[in-house]
């Protein structure tokens with residue numbers, strides 16, 4: 008594919024600086040770009056790289072100084088402009104096969120929408136309903152009485168357990184399990200007797216879920232993933248968790264049972280939440296934190312146990328100097344003893 | 008299905024308060040219940056919810072005050088009574104298919120018991136022996152010379168590696184791997200040369216294992232999971248680990264090689280154990296802890312590094328006030344200097 | 008199989024002490040060994056076990072005192088010698104099936120080398136190229152335009168996403184995902200819009216990767232795993248990470264985007280790295296550490312946040328004694344107040 012820089016600028020609502028007729032045939036990172044490539048600089052820290060790039064053109068924010076050697080698209084949001092152009096030059100749904108593969112095992116009672124792809128060796132059980140334009144790669148398992156919306160993409164080896172509901176344009180990466188049983192037992196004479204987990208998982212529109220994630224079904228009712236929330240690899244979401252809209256859950260986070268995340272929450276990598284907590288809207292928990300109690304909205308927390316980040320940093324700074332303070336304390340002890348001795352004289 | 012409250016009370020050995028003839032057609036959580044539902048209150052904290060429930064009946068422990076508006080079953084263990092009733096109203100083994108699916112690839116040398124279900128596209132290799140009444144969902148991989156007991160349930164996409172042995176009534180959720188190689192290398196001239204992992208995994212009766220768990224085979228002999236132990240999602244159990252009876256291993260726990268867990272140990276979420284430790288019977292490690300050394304029986308540990316919980320809490324309380332103590336220390340320093348100056352006068 | 012002790016000694020370049028004609032028919036750990044077994048002692052701590060073993064022979068390092076009852080092979084590296092002998096007595100590639108299984112779904116455009124095994128129900132898409140002598144167990148998914156080298160072993164249910172490249176002699180355990188999308192979004196009016204992840208994963212020769220690992224493809228270019236690096240179960244490697252040669256990445260480690268690990272780095276279990284860090288060659292990060300900034304070569308770091316281990320230990324020792332220091336501080340406060348009062352008199 009070949010586009011002129013001017014055509015691409017129109018597409019993203021940017022303004023061309025320099026030759027609008029330069030031909031773009033691909034996209035690349037700023038350091039590895041070569042002739043024909045379009046690249047981008049979103050951060051003034053990398054402005055100097057823009058001087059040396061071998062790209063044929065650059066997307067840059069208005070505040071970045073350019074040498075003028077390389078034509079550019081000025082854009083208020085270069086990352087976004089670049090993302091949109093990238094999806095033109097690259098096939099972002101990396102399909103090898105389209106249609107219903109003959110090796111798929113699809114129950115006659117399943118309801119498959121129009122323009123659906125079902126890859127090789129995928130199983131779809133009875134009662135499942137698959138919306139139009141959804142792509143289910145090979146070796147997925149779609150259990151009975153599930154419902155998938157329109158325009159979803161399920162990569163190979165995703166399993167969706169019985170009765171789970173999934174909205175529109177949901178993307179799920181390889182190896183992820185939606186709807187395994189919640190971890191609930193009641194102890195009877197020293198034996199852990201299972202508490203039936205009879206709820207479901209309900210995933211709303213525009214959610215993306217990474218690889219090898221586990222999301223447990225509710226004890227009753229639903230574990231809920233709100234619209235537009237994005238979940239990274241190897242995350243654990245326990246039964247009855249409710250996640251709001253547009254949250255960001257980074258890799259290896261663990262969310263215990265019945266937690267509530269309000270909208271726009273960010274949990275950084277390896278964060279752990281105790282059960283039954285509420286994380287208020289727009290709050291951020293920094294990576295590695297262990298959260299023992301609820302967090303108010305619009306907060307940034309860090310630490311083990313987590314506390315407001317400024318406080319956590321102040322505490323941590325003191326902790327790092329603690330051996331010094333201990334030395335001061337011991338000196339004081341001797342000085343005070345000496346003073347006491349002198350006053351006794 | 009429809010049962011009277013009296014029939015259900017008999018089933019769980021409870022006593023009816025109010026109308027024993029009320030018809031129950033389903034079960035539900037206390038807040039979301041509606042007419043026809045049976046619900047439960049196990050904790051006095053939620054007693055007020057019982058006043059407002061729209062359920063047709065409640066299971067409650069004897070110490071919970073009820074309004075009398077709603078008929079009830081009094082039970083010493085409402086959670087357990089409820090769990091048992093739940094399994095009547097809901098199909099807890101969510102089978103779509105029964106019998107041997109024609110698309111399964113089963114080696115002629117495999118030995119399959121009576122009344123076994125093997126779902127679509129499951130592979131069972133030669134030398135595998137599957138006990139009576141076991142359900143293996145679709146897309147599982149049962150490698151050669153494995154042995155599964157009676158009444159097991161393996162959800163889709165479980166893999167059981169060669170020579171692994173699994174007892175009776177074991178439940179394994181989707182994506183879990185039993186018997187991958189232990190992580191063992193010996194360094195030779197800067198190269199990591201693999202140490203063969205020739206042992207097995209031995210899972211005893213009544214174990215339940217969550218989704219996307221990994222349990223490594225022993226270097227020699229066996230990695231052992233004791234009877235009645237329950238393991239949550241995304242847990243790592245390394246080679247040669249021995250876990251006792253009725254342990255609870257919460258999500259994302261990592262247990263390093265050759266650790267021993269005695270009976271009834273509880274490891275909360277994201278706990279990590281160093282190698283070759285013994286965790287004594289009935290001990291609890293609180294969530295997020297990093298355990299560098301063995302723990303005696305009947306202990307509760309917490310922290311990074313983990314220590315007895317009371318001590319850990321005392322240390323943590325001091326740490327949180329450390330900026331204050333530093334201020335006090337600095338004031339003292341000045342006061343002592345002033346005292347010294349005055350005494351020199 | 009049966010070998011004399013002398014034959015085995017020749018094989019590993021060791022020296023026989025005692026009867027070189029003793030017949031060895033198997034190998035075992037020192038405590039569980041029985042007649043016919045060869046066992047080993049690599050550590051002087053376990054020398055006393057060597058006195059009591061029922062093994063027919065022992066491999067031991069030169070510094071370990073033996074009773075003379077049991078014949079032995081003296082070897083400078085008993086672990087290595089044992090590993091090599093183990094691979095003779097045990098089948099380390101646990102194959103049930105060889106050749107191309109008829110149930111595999113292989114695109115006609117895929118290029119399959121000589122002496123390749125493809126297990127049942129594996130999918131290989133068009134454009135994939137599989138090197139000679141590679142074994143792909145059943146139920147794997149090899150996406151389009153991937154390249155696998157020679158002599159690789161992929162256990163069941165591995166997925167290799169489109170365009171990923173894998174070198175020679177690479178071993179990947181069950182459930183691992185290579186090439187899922189990196190976790191990258193740009194926020195537009197409160198919505199997280201996906202940044203296309205158009206790079207690949209490039210795995211070099213002699214890498215081994217455990218079970219249920221996730222390695223994301225780069226935004227551009229490559230996520231790289233260097234030659235001879237070994238990765239344990241449930242590890243997360245984000246987009247654009249570059250890992251050097253012969254690194255050891257233990258279970259449940261999380262490596263954030265664009266990190267660089269130089270050669271011979273060791274990350275112990277559950278370590279987390281923030282994004283864009285460099286971990287210098289030969290450095291070690293102890294288990295459970297959270298690493299917020301880069302680490303120089305030849306260092307050992309520990310803690311949350313991680314710092315040089317000696318410093319971290321000193322800080323931790325002070326922290327553990329903090330309640331004591333607080334007591335001392337309070338005593339001093341009273342003593343100083345008393346001194347001040349006396350001087351005011």
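Residue numbers (my numbering), protein chains in the order written: chain V, 8 to 352; chain X, 8 to 352; chain P, 8 to 352. Think of the CB as a built atom: it goes at the ideal place given N, C-alpha and C, for glycine as much as any other residue. Only a predicted model underlies this, so the values are computations on that prediction, with no experimental measurement involved.
Minimum Cβ-Cβ distance from residue 35 of chain X to chain V less than 8 Å: Output row for residue 35 of chain X: interface = yes.
Given that residue 133 of chain P touches chain V, what residues does it touch there, using C-beta distances under 9 Å? 103 and 104
Closer than 8 Å by beta-carbon distance: list the chain V residues that pair up with residue 90 of chain X, in chain order. Contact of residue 90 of chain X with chain V by beta-carbon distance below 8 Å involves 193, 200, 201, 202 and 203.
Measuring straight from C-alpha to C-alpha, what distance separates residue 119 of chain X and residue 87 of chain V? 56 Å
Report the residue from V:306, V:312, V:207 and V:289 whose alpha carbon sits nearest the alpha carbon of residue 300 of chain V. Closest option to residue 300 of chain V, Cα to Cα, is V:312.
By the criterion of Cβ-Cβ separation under 7 Å, what are the contact partners of residue 243 of chain V in chain X? Per Cβ cutoff of 7 Å: 240, 241, 258 and 259.
First through last residue of the beta strand (DSSP E) which encompasses residue 330 of chain P: Run containing residue 330 of chain P: none in the beta strand (DSSP E); it sits in the alpha helix (DSSP H), 329-351.
If contacts are defined as beta-carbon pairs under 8 Å, then residue 127 of chain X and residue 112 of chain V qualify, I think. What distance do you get, rounded to the angstrom? That pair is a contact at about 4 Å.
The segment 158-182 of chain P: which residues have C-beta closer than 9 Å to a C-beta of chain X, in chain order? 162, 163, 164, 178, 180, 181 and 182
Is the beta carbon of residue 154 of chain V less than 8 Å from the beta carbon of residue 136 of chain V? yes
Which of the three DSSP states is assigned to residue 85 of chain V in this structure? Looking at residue 85 of chain V - three-state DSSP - the assignment turns out to be helix.
Rounded to whole angstroms, what is the Cα-Cα separation between residue 336 of chain X and residue 340 of chain P? 9 Å
Looking at chain V, is there any beta carbon in it that lies within less than 8 Å of the beta carbon of residue 54 of chain X? no
Looking only at DSSP bridge pairs, what is residue 136 of chain P linked to? P:118 and P:154
Verify the CB distance criterion: does residue 250 of chain X have a CB-CB separation below 8 Å to chain V? Chain V contact via Cβ: absent.
Residue 209 of chain V lies in the beta strand (DSSP E); which residues open and close that run? 207-210
Can at least three beta-carbon pairs, one atom from the segment 230-242 of chain X and one from the segment 222-237 of chain P, be found at a separation below 8 Å? no
Please classify residue 226 of chain V: is it buried, with 16 or more other beta-carbons within 10 angstroms of its beta-carbon, or exposed? buried
For residue 188 of chain V, I'd like the list of residues in its chain whose CB is within less than 7 Å of its CB, leaving aside the five on either flank, ordered along the chain. 204, 223 and 224
Residue 128 of chain X: contacting residues in chain V (beta-carbon distance under 7 Å): Using a Cβ-Cβ cut-off of 7 Å, residue 128 of chain X is close to 112, 128 and 130 of chain V, given in chain order.
Nearest candidate by alpha-carbon position, reference residue 281 of chain V, set X:351, X:72, X:293 and X:338: X:293
Taking all protein chains shown into account, decide if residue 371 of chain P is buried (16 or more other Cβ within 10 angstroms of its Cβ) or exposed. Since the displayed chain P opens at 8 and closes at 352, residue 371 of chain P lies outside it and no answer follows.
Cutoff 8 Å: residue 190 of chain X Cβ touching any chain V Cβ: no
Take every Cβ of the segment 307-321 of chain X, pair it with every Cβ of the segment 313-320 of chain V, and state whether three or more of those distances are shorter than 8 Å. no
I need the boundaries of the alpha helix (DSSP H) containing residue 45 of chain P, first residue and last residue. First-last for residue 45 of chain P: 44-48, but that is the beta strand (DSSP E), not the alpha helix (DSSP H).
Taking CB distances under 8 Å as the criterion, tell me whether residue 228 of chain P reaches chain V. yes
Segment contact flag, the segment 247-262 of chain V with the segment 264-272 of chain P, C-beta cutoff 8 Å, min 3 pairs: Taking 8 Å as the limit for Cβ pairs, the verdict is that the segment 264-272 of chain P does not touch the segment 247-262 of chain V.
List, in chain order, every chain V residue whose beta-carbon is nearer than 8 Å to that of residue 349 of chain P. Those are 350, listed as they occur along chain V.
Count the other C-beta atoms from every protein chain shown that fall within 10 angstroms of the C-beta of residue 44 of chain X, then say buried if there are 16 or more, exposed otherwise. buried
Which residue's Cα is closest to the Cα of residue 3 of chain P: V:320, V:319 and V:328? No answer is possible for residue 3 of chain P: it lies beyond the span of chain P, which begins at 8 and ends at 352.
Element boundaries [alpha helix (DSSP H), containing residue 310 of chain X]: Per DSSP, residue 310 of chain X belongs to no alpha helix (DSSP H); it is in the beta strand (DSSP E), 307-310.
So if DSSP puts residue 223 of chain P in a beta bridge, which residue, or which two residues, is it bridged to? P:187
Status (buried if at least 16 other CB within 10 Å, exposed otherwise) for residue 55 of chain X: exposed
Residues within the segment 303-319 of chain P neighbouring chain V, beta-carbon criterion of under 9 Å: 311, 312, 314 and 318
Where residue 219 of chain X meets chain V, residues with beta-carbon distance less than 9 Å: 182, 183, 184, 187, 219, 220, 221, 241 and 243
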